[in-house]
Amino acid sequence: MLRNQLEMLVALQDLDCMLREVEDVKALGFEVPGKVDLEKAREELARQISPPLLSTYERLRARYKRAIVPVKDNKCLGCFMRLPTSLGARGRKDEEVITCEGCGRILYWLD
Ligand SMILES: [Zn+2]
215 MLRNQLEMLV ALQDLDCMLR EVEDVKALGF EVPGKVDLEK AREELARQIS
265 PPLLSTYERL RARYKRAIVP VKDNKCLGCF MRLPTSLGAR GRKDEEVITC
315 EGCGRILYWL D
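Once you know that position 39 of the sequence shown is 253 in this note's numbering, the rest is easy, because the numbers rise by one and skip nothing.
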């Protein structure tokens, strides 16, 4: 269940990054026809993510370009802080949302 939520959040983040790119292109004075499709896809995806998780994500996105980041070799790939091994054991169980103690980003385990 949670794994699914995090996967959807990663997909949401991808869409947000794409939307940001679209905004950048628009700022240069070009029309971007696909923007409405992107916004619709984002809206539909956001509806399926639990409200507390979504609001954590939105709050983090005000600070970081990427609010949810992978963990590799017990390291947060957002700030490269080494995380306690016990955190990895909890994170891999996919029963709770774990945030980095260093930067506060939402974490998901790659391995
Ligand atoms: Zn971090």
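All C-beta atoms in this analysis are idealised placements derived from N, C-alpha and C, irrespective of residue type, glycine included.
Treat the numbers as computed from the prediction; the structure is a model and nothing was measured.
- Thr299 has its alpha-carbon roughly 13 Å from the corresponding atom of Cys314.
- For Leu233, the closest alpha carbon among the candidates Glu221, Gln219 and Glu257 is that of Glu257.
- The beta carbon of Leu267 sits closer than 7 Å to the beta carbons of Gln219, Leu223 and Val311 from its chain, once the five residues preceding and following it are set aside; these are given in chain order.
- Taking 7 Å as the cut-off, the Cβ atoms of Leu291 and Pro284 count as close.
- Annotation: the continuous beta strand (DSSP E) that includes Val283 extends over Ile282 to Lys286.
- For Ser264, the closest of Glu221, Gly318, Trp323 and Asp325 by C-alpha to C-alpha distance is Glu221.
- It is roughly 12 Å from the alpha-carbon of Cys317 to the alpha-carbon of Lys289.
- In this structure Val236 is not in contact with Leu226, their Cβ atoms being roughly 15 Å apart against a cut-off of 8 Å.
- Classified as buried, Ala281 has 16 or more neighbouring CB atoms from the shown chains inside 10 Å of its CB.
- Within a 10 Å sphere around the beta-carbon of Asp238 sit fewer than 16 other beta-carbons, which makes this residue exposed.
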